[in-house]
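Heads up, the thing below is written out as structure tokens.
Number of protein chains: 2
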Amino acid sequence: MKSIRSFVPLAAAAAVLALAGCASQDLSVKEVGSYHIGGRQVTLTGLPEQEIIFSPGAPPLKVNPNGDFEVEQMYVHYTLLAQPKGKVPLLLWHGGGLAGVTYETKPDGKPGWEMYFLKAGWDTYVSDAVERGRASWARFPQIFKSDPMFRTKKEAWELFRFGKTYATNPAERVAMPDTKFPIEAFDQFTKQGIPRWVTNDGVTQKAYDEYVDKVCPCVILVHSQGGNFGITAALNNPSKVKALVLVEPSGAPDPDKTDISALRNIPILWVWGDYLDTQPFWKNIYAKQEQFRAAVNRIGGKTESIVLPSAGIKGNSHMMMMDRNSDQIAALIQDFLVSRGLSTK
Amino acid sequence: MKSIRSFVPLAAAAAVLALAGCASQDLSVKEVGSYHIGGRQVTLTGLPEQEIIFSPGAPPLKVNPNGDFEVEQMYVHYTLLAQPKGKVPLLLWHGGGLAGVTYETKPDGKPGWEMYFLKAGWDTYVSDAVERGRASWARFPQIFKSDPMFRTKKEAWELFRFGKTYATNPAERVAMPDTKFPIEAFDQFTKQGIPRWVTNDGVTQKAYDEYVDKVCPCVILVHSQGGNFGITAALNNPSKVKALVLVEPSGAPDPDKTDISALRNIPILWVWGDYLDTQPFWKNIYAKQEQFRAAVNRIGGKTESIVLPSAGIKGNSHMMMMDRNSDQIAALIQDFLVSRGLSTK
Numbered sequence: 001m002k003s004i005r006s007f008v009p010l011a012a013a014a015a016v017l018a019l020a021g022c023a024s025q026d027l028s029v030k031e032v033g034s035y036h037i038g039g040r041q042v043t044l045t046g047l048p049e050q051e052i053i054f055s056p057g058a059p060p061l062k063v064n065p066n067g068d069f070e071v072e073q074m075y076v077h078y079t080l081l082a083q084p085k086g087k088v089p090l091l092l093w094h095g096g097g098l099a100g101v102t103y104e105t106k107p108d109g110k111p112g113w114e115m116y117f118l119k120a121g122w123d124t125y126v127s128d129a130v131e132r133g134r135a136s137w138a139r140f141p142q143i144f145k146s147d148p149m150f151r152t153k154k155e156a157w158e159l160f161r162f163g164k165t166y167a168t169n170p171a172e173r174v175a176m177p178d179t180k181f182p183i184e185a186f187d188q189f190t191k192q193g194i195p196r197w198v199t200n201d202g203v204t205q206k207a208y209d210e211y212v213d214k215v216c217p218c219v220i221l222v223h224s225q226g227g228n229f230g231i232t233a234a235l236n237n238p239s240k241v242k243a244l245v246l247v248e249p250s251g252a253p254d255p256d257k258t259d260i261s262a263l264r265n266i267p268i269l270w271v272w273g274d275y276l277d278t279q280p281f282w283k284n285i286y287a288k289q290e291q292f293r294a295a296v297n298r299i300g301g302k303t304e305s306i307v308l309p310s311a312g313i314k315g316n317s318h319m320m321m322m323d324r325n326s327d328q329i330a331a332l333i334q335d336f337l338v339s340r341g342l343s344t345k
Numbered sequence: 001m002k003s004i005r006s007f008v009p010l011a012a013a014a015a016v017l018a019l020a021g022c023a024s025q026d027l028s029v030k031e032v033g034s035y036h037i038g039g040r041q042v043t044l045t046g047l048p049e050q051e052i053i054f055s056p057g058a059p060p061l062k063v064n065p066n067g068d069f070e071v072e073q074m075y076v077h078y079t080l081l082a083q084p085k086g087k088v089p090l091l092l093w094h095g096g097g098l099a100g101v102t103y104e105t106k107p108d109g110k111p112g113w114e115m116y117f118l119k120a121g122w123d124t125y126v127s128d129a130v131e132r133g134r135a136s137w138a139r140f141p142q143i144f145k146s147d148p149m150f151r152t153k154k155e156a157w158e159l160f161r162f163g164k165t166y167a168t169n170p171a172e173r174v175a176m177p178d179t180k181f182p183i184e185a186f187d188q189f190t191k192q193g194i195p196r197w198v199t200n201d202g203v204t205q206k207a208y209d210e211y212v213d214k215v216c217p218c219v220i221l222v223h224s225q226g227g228n229f230g231i232t233a234a235l236n237n238p239s240k241v242k243a244l245v246l247v248e249p250s251g252a253p254d255p256d257k258t259d260i261s262a263l264r265n266i267p268i269l270w271v272w273g274d275y276l277d278t279q280p281f282w283k284n285i286y287a288k289q290e291q292f293r294a295a296v297n298r299i300g301g302k303t304e305s306i307v308l309p310s311a312g313i314k315g316n317s318h319m320m321m322m323d324r325n326s327d328q329i330a331a332l333i334q335d336f337l338v339s340r341g342l343s344t345k
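First to last, the sequence lines map onto chains X and B.
So the first sequence is residues 1 to 345, counted in my numbering.
So the second sequence is residues 1 to 345, counted in my numbering.
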């Protein structure tokens, strides 16, 4: 009878779990939601009336474009777990010409890093920087001071190190040998592209700083163009940033002209993919980041850098969160955060 | 001893639930993710080089804007429950000059309808139509055939029936008497605004149709400009649309020029807020929608319409999913869907 008695509670517990739909592989989520943060009201005056054709063939109607607008805000989406294991939330910041979608999905349809880190127990925040995606964008050149730039597929193919030879016809594109990027989903990936401006860095940083002020303490994981924003956000609010994960960051403040001493106490991890040597652009960025890392180490910082091919992991592109082995790379990041006491296994 | 024995399983179950983080008010989520759907590759040629100033004060650099681009796709974000009660997923489609954020949040910071319907047991899909938010946008006039339109705060204030008198200074704005919209959060709401084009209806419908084809059978809930897209999607794919919920839809196909017989078997609910009589624009839209509804009823359709003030619920704006009583309105919609056998209470 004793064995039966001790079995009863477990059976009942399993039954209740099944009723509640709480299989162990599911997430127990307290809340999903979003908001905009940052930005300001601007008033446009003196613009001529626009002539807009609302229906094909109809005469143009006059529209007055002047008035008040909210501009330079950013967008934040969050998923909060019932019982997070991460001691602070994990903020995921995208790179140039992209939005938070970077972390939500892989172009081959498999789950992205957001889902990985949710399963690992982190409250996650996925944002769109000023001018991108749901953050919206403002009239140019009146408010945004330059023309937008639209990334061509050729630029994405080469810059993100998917391959050396781009062609309009997918069958004629030549990929990197042994690439881990799902090349068959390249066109799908480029649907994520969002026009960008080169004149919005200041207002973008301002919105990021407000975001950190609201949500953190936190861990910030950045990609590419997000690198400079993430490092600067940590310098502007060092007590609130408990770790930085820099995935192929493309920029950083000049350590000779900036007081970087606040980075001394922040764990920082750099992660680099394969094929960096194939392009002067990336060789130069890597070298500059290594100079920055050395400067942080000189003032007592304890940084880490993982160059994936040196760690025996070959074939990763600039978009490593979408590569076939993205979970393997996420696991390295997770190990780093656990080793710094920011989460449990 | 018997009472203690029968108590043990429940206590153990409660303990296991607590460990698993599955309190009854939490969501048990199988997967969150997103993707883009629809769109096509276009090639731009013959455009002159752009001169772009990458850093303030630096000389302009020449950029070649020609090449291949992916355009006219839309963005879909989904949250799938471990054990949904809804028999099909619930798709939430936004209105003009806005994006899926409409359903994710209320500008006063409270949870939006997405969270309400997740709690009610629906797998939810929240999308951004072509040209909006994370769907991205394309170069104009080369690809999108007109100039974008930016909604002024004055237009939003008046058109969405928050108030009759707009002023740049928030203190001077006069709200509708007894409005349920959180007027103090009006500026926050306008951060959600996204530029729109008037020439993209065809490609927008095409992407919506592909989306329905992929995800449905489903229930589609639309708002405002989404009305015409939702009704047309149902006509284009009637066996896949199990119900339509039309929240202040602004348009519909002409029933005298369109075969609407496929709507006969689809439950359709219209929901209207307050103050419709205060603006000829809304009086006209309401009258036209009632004509459309009558046409559906004449061919055997079984439609419903809730005019909130007639049901004793006063003060709702066009953005009723953000009004203070948004849960009360969502509950009416939930009752409608349950009554049609599409979910359980």
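Heads up, the beta-carbon is just placed ideally off N, CA and C, and yes, glycines get one too.
It should be emphasised that the depicted structure is a prediction, and the values quoted were computed from it without experimental measurement.
- For ASP201/X, the uninterrupted alpha helix (DSSP H) segment begins and ends at 201–215.
- One Cα belongs to GLN50/X, the other to GLU70/X, and the distance between them is close to 20 Å.
- By a beta-carbon distance limit of 8 Å, PRO89/B does not contact ASP128/B. Their separation comes to about 17 Å.
- Secondary structure of GLN73/B (DSSP, three-state): strand.
- For THR204/B, the nearest beta carbon of chain X is not closer than 8 Å to its own beta carbon.
- Under the criterion of beta carbons closer than 8 Å, LYS85/X and GLY121/X qualify as touching, at roughly 3 Å.
- LEU47/B sits exposed, since fewer than 16 C-beta atoms from the chains shown fall within 10 Å of its C-beta.
- ASP128/X: member of the beta strand (DSSP E) spanning 124–128, first to last residue.
- Cβ proximity to chain B below 7 Å picks out ARG139, SER146, ASP147, MET149, PHE150, THR152 and LYS153 from the stretch 138–153 of chain X.
- Within a 10 Å sphere around the beta-carbon of VAL174/B sit fewer than 16 other beta-carbons, which makes this residue exposed.
- For the C-beta of LEU118/B, the chain X residues within less than 9 Å are, from N- to C-terminus, VAL29 and VAL32.
- Taking the Cα of LEU91/B as reference, the smallest distance to any Cα among ILE37/B, ALA82/B, HIS77/B and LEU81/B is reached at HIS77/B.
- Residue pairing of ARG173/B in beta bridges, as defined by DSSP: absent, with no partner found.
- LYS191/X reaches chain B at HIS36, GLY39, GLU70, GLN73 and SER136, counting residues in chain order whose Cβ is nearer than 8 Å.
- The Cβ atoms of TRP113/X and ALA330/X lie closer than 8 Å to each other.
- Straight-line measurement puts the Cα of PHE162/B at about 6 Å from the Cα of SER317/B.
- No Cβ-Cβ contact shorter than 8 Å links PHE160/X with ASP323/X.
- Put simply, the stretch 209–228 of chain X touches the stretch 243–257 of chain X. At least three CB pairs are less than 8 Å apart.
- When 7 Å is used as the limit between beta carbons, VAL63/X is near these residues of chain B: MET149, in chain order.
- Look at the beta carbons and you see the stretch 97–111 of chain X not touching the stretch 191–199 of chain B: under three pairs across the two are nearer than 8 Å.
- Residues of chain X whose Cβ lies closer than 8 Å to the Cβ of GLU172/B do not exist, since the nearest Cβ in that chain is about 12 Å away.
- The residues PRO255 and ILE260, in chain order, have a CB closer than 7 Å to that of ALA295/B in the same chain once the five nearest residues on each side in sequence are set aside.
- Annotation for GLN328/B: ILE313 place their beta carbon closer than 8 Å to its own, counting only its chain and skipping 5 residues before and after.
- Around the beta carbon of LYS153/B, a 10 Å sphere encloses 16 or more other beta carbons of the protein chains shown; the residue is thus reported as buried.
- Here DSSP, grouped into helix, strand and coil, assigns GLN328/X to helix.
- Per the coordinates, the alpha-carbon of GLY96/X lies some 23 Å from the alpha-carbon of THR258/X.
- Contact with chain B is absent for GLU184/X, since none of that chain's Cβ atoms lies less than 8 Å from the residue's Cβ.
- Non-local beta-carbon contacts of GLN334/X in its own chain, meaning distances under 7 Å to residues more than five positions away in sequence, involve ALA120 in chain order.
- Taking a beta-carbon distance threshold of 8 Å, GLU114/B counts as an interface residue toward chain X.
- For the stretch 295–340 of chain X, the continuous alpha helix (DSSP H) assignments of 4+ residues that do not extend past its boundaries occur at 326–339, in sequence order.
- At a Cβ-Cβ threshold of 8 Å, GLU31/X and LEU80/X count as neighbours.
- Around the Cβ of ARG132/X, a 10 Å sphere holds 16 or more other Cβ atoms; the residue is buried.
- Residue environment: ASN200/X is assigned as buried (16 or more neighbouring CB atoms within 10 Å of its CB, all protein chains considered).
- TYR275/B sits in coil when the DSSP states are folded into three classes, being neither helix nor strand.
- Within chain B, no residue has its beta carbon less than 7 Å from that of PHE162/X; the closest one is some 14 Å off.
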